[in-house]
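Q: Residue numbering for the sequence shown follows the working numbering, beginning at 166 and increasing consecutively.
Built from N, CA and C at the ideal position, the CB exists for glycine as well.
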Amino acid sequence: MAYFEWARDMVIDDGPIDDDHKHLVRLVNELHDATTEGRGREVVGRILDDLIRYTNEHLRKEEAVMAEAGFPNLERHKIGHQAFIDQLGKLQRRYQEGSIAVAAQLSSVLRDWLSIHIRRNDRELLDFMRRQPGAPTSPRG
Ligand SMILES: [Fe+2]
Ligand SMILES: [Fe+2]
166 MAYFEWARDM VIDDGPIDDD HKHLVRLVNE LHDATTEGRG REVVGRILDD
216 LIRYTNEHLR KEEAVMAEAG FPNLERHKIG HQAFIDQLGK LQRRYQEGSI
266 AVAAQLSSVL RDWLSIHIRR NDRELLDFMR RQPGAPTSPR G
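Given below as structure tokens:
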């Protein structure tokens, strides 16, 4: 069993948002594997950079999708994203300053945040879309 498993209750759009989330799950697993296998700073640092860059890109992309859809909770959602970006930035700086333990901490911070954020907050987009006229009435499996 992977460190972080993508699950059906994380489905949001059956499209680009889910693809991003799945990719983030893969990257978190890579980071976790690299730190538990005791890989060097170079390997861990590279995965960490990728992960943080991809997370930033995802959050921006998701906000654009939400804006396009007329999602009413966008401003509140953006505040949540920004707080997480700030937290990641702080941890990344601590890693760069030499704390290798931070990399392991980062995989759990990312896993826990993504797991809860997707299921609670991103999920609000799915609920909103389902209430729109013309939306499919039956939830997908
Ligand atoms: Fe998301
Ligand atoms: Fe989000």
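My output table needs one value for Gly180: the three-state DSSP class, helix, strand or coil.
A: Taking the sequence shown and counting its residues from 1, the one referred to as residue 180 is at position 15. It is coil, neither helix nor strand.
Q: In chain order, what residues of the same chain have a beta carbon less than 6 Å from the beta carbon of Asp287, not counting five sequence neighbours either side?
A: What you label residue 287 is simply residue 122 of the sequence shown in a count that begins at 1. Ile177, listed in sequence order.
Q: Hey, quick one: how far does the alpha helix (DSSP H) through Gln270 stretch, first residue to last?
A: If you number the sequence shown from 1, residue 270 lands on position 105. Start and end: 266-282.
Q: Classify Lys244: buried if its beta carbon has 16 or more other beta carbons within 10 angstroms, exposed otherwise.
A: As a first step, residue 244 is located in the sequence shown; it is residue number 79 there, counting from the start. With the sequence shown as reference, residue 244 is identified as Ile, and Lys is not the correct amino acid for it. The residue is exposed, with fewer than 16 neighbouring Cβ atoms inside 10 Å.
Q: Indicate the three-state DSSP secondary structure (helix, strand or coil) for Arg204 in the structure shown.
A: As a working mapping, residue 204 is identified with position 39 in the sequence shown. Three-state result, Arg204: coil.
Q: What does the alpha-carbon distance come out to for the pair Leu290 and Lys187?
A: Your numbering for residue 290 matches position 125 in the sequence shown. Your numbering for residue 187 matches position 22 in the sequence shown. Computed Cα separation, rounded: 17 Å.
Q: What did DSSP end up calling Gln297 once you bin it into helix, strand or coil?
A: In the sequence shown, residue 297 corresponds to position 132, counting from 1. If DSSP states are grouped into helix, strand and coil, Gln297 belongs with coil.
Q: List in chain order: all unbroken alpha helix (DSSP H) runs of 4+ residues lying wholly within the stretch 206-247.
A: Whole alpha helix (DSSP H) segments, 4+ residues: 206-234.
Q: Using the C-alpha atoms, what's the distance from Glu228 back to His242?
A: Mapped onto the sequence shown, residue 242 falls at position 77. Mapped onto the sequence shown, residue 228 falls at position 63. Straight-line Cα distance between these residues: approximately 8 Å.
Q: Is there at least one non-hydrogen atom of ligand 3 closer than 7 Å to the beta-carbon of Leu224?
A: With respect to ligand 3, the structure offers nothing, as its ligand set consists of ligand 1 and ligand 2.
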